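Q: Take a look at the following structure, please.
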Amino acid sequence: MKKLCTFLFLAFATIPFFVFAQGLPIDASSSGSLVLQSVPAAPLPKEMVTVVLSGPGINLRDATITWSINDKVVGMGVGKTTFSFKNGGSEETTDIVASVLLNTGEVLSKKISFTPAGFSLLWEASTYTPPFYKGKATMTPEANMRVLVVPDNSSTADRIDPSTLMYTWRKDGTTLPDNSDYGKNSFSFTAPKLGYPADIQVQLVSPDSTIDQGYGIKLSPGVPFVLLYEDVPLLGVWYNNAFGNTVTLDRKEFSISAEPYFFPSETGLTPNVTYSWALDGKLLQEASRFITFRNETEEKVDSKLNLSVQSKNKGSQTATRSLVIRSADIQSSGSFMY
208 MKKLCTFLFL
218 AFATIPFFVF
228 AQGLPIDASS
238 SGSLVLQSVP
248 AAPLPKEMVT
258 VVLSGPGINL
268 RDATITWSIN
278 DKVVGMGVGK
288 TTFSFKNGGS
298 EETTDIVASV
308 LLNTGEVLSK
318 KISFTPAGFS
328 LLWEASTYTP
338 PFYKGKATMT
348 PEANMRVLVV
358 PDNSSTADRI
368 DPSTLMYTWR
378 KDGTTLPDNS
388 DYGKNSFSFT
398 APKLGYPADI
408 QVQLVSPDST
418 IDQGYGIKLS
428 PGVPFVLLYE
438 DVPLLGVWYN
448 NAFGNTVTLD
458 RKEFSISAEP
468 YFFPSETGLT
478 PNVTYSWALD
488 GKLLQEASRF
498 ITFRNETEEK
508 VDSKLNLSVQ
518 SKNKGSQTAT
528 RSLVIRSADI
538 QSSGSFMY
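In this text, residue positions in the sequence shown follow the working numbering: the first is 208, and each later residue adds one.
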């Protein structure tokens, strides 16, 4: 619920939580008994804000009121006691000044400042990615997950000690008391099954309640998959060129490496999975991610390789891949051996 916050002569320094955080405005008055109120009291970065001017015992209805943003006049009118503007970005200070010319000739002014401090929610999945992979590890069903509240920049970090904030975490609408406390700026959970998103919410409250903001994120699990790469002697796996559906070979022997993308992994290293290889419908005994084929007779080859990968610890995680292997410029026909 948005709150109406009244600012008198005392200056308040606050830090907002944007989707992440922001700070309450700082109210500095130069004279008189003018009162500035902001709605919302602690606006988010880039959020629309309405400032209301009042003055007990002061005739503002007949006064000429001038509004300024960062020393630039942006509005003026008789009895113009409200003003709306778009708040600045994270760590940008916006100064709002209301100057009042009374019909008695007296001039009063009131200032309010907003400096939103940004926070963000980051998430990470404990799923496997191969060496040199530049992307983010994707959340897949039943993987270990972590969501973390972090400051947007160093100045925010300097202004806020995360250990002083109270974090209340909720998952799918349920409050989690065991995961909520002062300084608990991260939350770990197990990813849901495919088709069921995880709805994560966190509420941040400072000891003096000047920060009381929440943020939520919905994470939908993806699907793990497996890609096949050539493993070249002396050079290693060619991760820059995954096999498509067909490969044509002009040599007697070649090796394949299977990479099980985004399978749950406790350490981010190779996940605990089983590999089931089949060549031309015949199940092979090879059970590792690497397999080597040889064409001893140098006959023409047209074989189909199938691979099925299944997680040992997370039984619902499976992926398959097929590859047609053909040899070039050989007249007689045959099949590969491994």
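Backbone N, C-alpha and C define an ideal beta-carbon position, used for all residues, glycine too. These numbers were taken from a predicted model, which means no experiment stands behind them.
1. Tell me, please, whether the CB atom of proline 404 is closer than 8 Å to any CB atom in chain D?
2. Kindly indicate which residue of Phe396, Leu315, Pro247, Lys343 has the alpha-carbon position closest to the one of proline 323.
3. Beta carbon of leucine 426, beta carbon of proline 440: below 8 Å?
4. Helix, strand or coil, according to DSSP, for proline 431 in the structure here?
5. Count the other CB atoms within 10 Å of the CB of leucine 315; is the residue buried (16 or more) or exposed (fewer)?
6. With three or more beta-carbon pairs closer than 8 Å as the criterion, would you say the segment 371-386 touches the segment 288-297?
7. Can you tell me which of Val304, Glu254, Phe394 puts its alpha carbon nearest to the alpha carbon of aspartate 278?
8. On a CA-only basis, which of Glu349, Thr300, Thr273 is nearest valine 430? Give me that one, please.
9. Using a 10 Å radius around the Cβ and a threshold of 16 neighbouring Cβ atoms, would you call isoleucine 532 buried or exposed?
10. Please look up how many angstroms separate the CB atoms of serine 393 and leucine 355, rounded, as I've assumed it's under 8 Å.
11. Use the C-beta contact count for lysine 489: other C-beta atoms within 10 angstroms, 16 or more gives buried, fewer gives exposed.
12. Who are the near neighbours of methionine 283 in its chain, counting only those whose CB is closer than 6 Å to its CB and skipping five residues on each side?
13. List the residues that DSSP assigns as beta-bridge partners of glutamine 492.
14. Between the beta-carbon of threonine 301 and the beta-carbon of phenylalanine 321, is there less than 8 Å?
15. Do you know how far the Cα of proline 384 is from the Cα of proline 428?
16. State the Cα-Cα distance for the pair serine 464 and lysine 511, rounded to the nearest angstrom.
17. In terms of residues, what are the limits of the beta strand (DSSP E) holding glutamate 473?
18. What does the Cβ neighbour count give for serine 395, buried or exposed, with the cut at 16 atoms within 10 Å?
19. My guess is that isoleucine 418 and isoleucine 407 are in contact by the Cβ rule of under 8 Å, so how many angstroms apart are they, rounded?
20. Report the residue from Lys400, Phe500, Met373 whose alpha carbon sits nearest the alpha carbon of serine 387.
21. Check this for me: beta carbons of glutamate 466 and tyrosine 436, under 8 Å apart or not?
22. With DSSP run on the structure shown, which of helix, strand or coil describes asparagine 448?
23. Under a Cβ-count criterion, where at least 16 other Cβ atoms within 10 Å of its own Cβ denotes burial, should phenylalanine 470 be classed as buried or exposed?
24. Please classify phenylalanine 340 as buried or exposed, where buried requires at least 16 other C-beta atoms within 10 Å of its C-beta.
25. Over what stretch of residues does the beta strand (DSSP E) that includes lysine 391 continue unbroken?
26. With leucine 241 and valine 307 assumed to form a contact (beta carbons below 8 Å), what rounded beta-carbon distance in angstroms separates them?
27. For glycine 286, which residues in the same chain have their Cβ closer than 8 Å to its Cβ, ignoring the five residues on either side in sequence?
28. Is DSSP giving proline 369 helix, strand or coil here?
29. Please name the residue or residues paired with leucine 426 in a DSSP beta bridge.
30. Locate the beta strand (DSSP E) running through glutamate 546, then write down its first and last residues.
31. Which runs of the beta strand (DSSP E) spanning at least 3 residues fall entirely within the segment 244-302, listed in chain order?
32. Could you give the C-beta distance for threonine 288 and leucine 260, rounded to a whole number, given that I count them as a contact under 8 Å?
33. Please report how far the alpha carbon of tyrosine 335 lies from the alpha carbon of tyrosine 468, in whole angstroms.
34. According to DSSP, simplified to helix, strand and coil, what is glycine 230?
35. Can you give the beta carbon distance from leucine 530 to phenylalanine 450, rounded, assuming they're within the 8 Å contact cut?
A: Straight from the coordinates:
1. The structure shown contains no chain D, having only a single protein chain.
2. Pro247
3. no
4. Of the three classes helix, strand and coil, the one that applies to proline 431 here is coil, per DSSP.
5. buried
6. no
7. Ranked by Cα distance from aspartate 278, the first of Val304, Glu254, Phe394 is Val304.
8. Glu349
9. So isoleucine 532 ends up on the buried side.
10. 5 Å
11. exposed
12. Cβ-Cβ distances below 6 Å link methionine 283 to Thr273 in the same chain, with the five nearest sequence neighbours on each side left out; the list follows chain order.
13. Looking at the DSSP assignment, glutamine 492 forms no beta bridge with any residue, so it has no partner.
14. yes
15. 25 Å
16. 16 Å
17. Element bounds for glutamate 473: n/a, residue is neither H nor E.
18. Flag for serine 395 reads exposed.
19. In fact, because the Cβ distance is near 19 Å, the residues do not count as touching under 8 Å.
20. Met373
21. yes
22. strand
23. Buried, by the Cβ-count rule.
24. The question names phenylalanine, yet the displayed sequence has tyrosine at residue 340. Its Cβ having fewer than 16 others within 10 Å, tyrosine 340 is exposed.
25. Careful: lysine 391 lies outside any beta strand (DSSP E) and carries neither H nor E.
26. 7 Å
27. Leu267, Arg268, Asp269, Ala270, Ile272
28. helix
29. Ala405
30. Since the first residue of the chain shown is 208 and the last is 545, residue 546 is not available in this structure.
31. 255-261, 271-276, 279-285, 289-293
32. 5 Å
33. 6 Å
34. Residue placement at glycine 230 is poorly supported in this model, since its pLDDT is 41, which falls under 50; the coordinates still yield a value, given next. Here glycine 230 sits in coil by DSSP.
35. 6 Å
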